[in-house]
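Structure first, commentary second.
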Amino acid sequence: MALMPIIIAPDPRLKIKTKPVDNVDDSVRALMDDMLETMYAANGIGLAAPQVGDTRSVIVVDCARQDDGPAPIRMANPHIIAVSSDDNAHEEGCLSLPEHYADVVRPESITLRYLDENNKVLEMDADGILATCIQHEMDHLEGILFVDHISALKRNMILRKLKKVKKQATED
Ligand code: NI
Numbered sequence: 036m037a038l039m040p041i042i043i044a045p046d047p048r049l050k051i052k053t054k055p056v057d058n059v060d061d062s063v064r065a066l067m068d069d070m071l072e073t074m075y076a077a078n079g080i081g082l083a084a085p086q087v088g089d090t091r092s093v094i095v096v097d098c099a100r101q102d103d104g105p106a107p108i109r110m111a112n113p114h115i116i117a118v119s120s121d122d123n124a125h126e127e128g129c130l131s132l133p134e135h136y137a138d139v140v141r142p143e144s145i146t147l148r149y150l151d152e153n154n155k156v157l158e159m160d161a162d163g164i165l166a167t168c169i170q171h172e173m174d175h176l177e178g179i180l181f182v183d184h185i186s187a188l189k190r191n192m193i194l195r196k197l198k199k200v201k202k203q204a205t206e207d
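Just so you know, we're using our numbering here: the sequence shown kicks off at 36 and counts up by one.
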């Protein structure tokens, strides 16, 4: 396993549409494991392949409570097959937009289908924080960031601040 650098917004690599995985093989499994290690090291609860510069349709999440121990979920080609009619607003953050948070409204619960690390098709029902997290990570696979769900005013303010931090980092 290896830690991967996390791409910080704004960056064109975060705006790509990923390609579906044909087959979850050793190479995809290695990506999933590296992404999990990277996510845990950064204290995140989810990570999508574009955030580490990979164009495959892969996400990892772990929304377990700290005292429950790890519960990693590895997914390739996730797609939503049903959503609840009820929406919920949750405060979201993102490892690619460090130190910025905003309330995002999404369906409260979802049913999704995906390929697991053994290339098996699975279905899952998710609600609460897990549903929010999975939808957030799936957005990344379409080049969508959580700030794309909030007002342009707030989005531009956050992206401007991130750009400034990156500029300072390269000048130092
Ligand atoms: Ni994110």
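Where is the CB? At the ideal position from N, CA and C, for every residue including glycine.
Residue i, buried or exposed, once every other Cβ within 10 Å from all chains shown has been counted against 16
| i | result |
| --- | --- |
| alanine 44 | buried |
| alanine 83 | buried |
| alanine 204 | exposed |
| isoleucine 116 | exposed |
| arginine 127 | It is glutamate, not arginine, that sits at residue 127 in the sequence shown. Classification for glutamate 127: buried. |
| threonine 90 | exposed |
| serine 186 | exposed |
C-alpha gap between residue i and residue j, whole angstroms
| i | j | result |
| --- | --- | --- |
| glutamate 152 | methionine 159 | 15 Å |
| serine 144 | leucine 197 | 31 Å |
| methionine 35 | alanine 65 | This structure does not reach residue 35, given that the chain is present from 36 up to 207, and the question cannot be answered. |
| valine 59 | leucine 150 | 7 Å |
| valine 156 | lysine 199 | 43 Å |
| asparagine 123 | isoleucine 80 | 19 Å |
| threonine 167 | proline 142 | 8 Å |
| lysine 201 | isoleucine 193 | 13 Å |
| asparagine 191 | aspartate 103 | 38 Å |
| aspartate 162 | arginine 100 | 15 Å |
CA nearest to the CA of residue i, picked from the options
| i | options | result |
| --- | --- | --- |
| proline 182 | Met39, Lys50, Pro40, Ile41 | Here residue 182 is valine; the residue named in the question, proline, does not match the sequence. Taking only the C-alpha atoms, the option nearest valine 182 is Lys50. |
| methionine 74 | Ile185, Ser62, Val95 | Val95 |
| methionine 173 | Leu71, Pro133, Pro85, Ile185 | Pro85 |
| cysteine 129 | Met39, Cys98, His171, Met67 | His171 |
Practice task
State whether the stretch 130 to 137 contacts the stretch 106 to 113, with contact taken as three or more CB pairs (one from each stretch) at a distance under 8 Å.
Solution key: no
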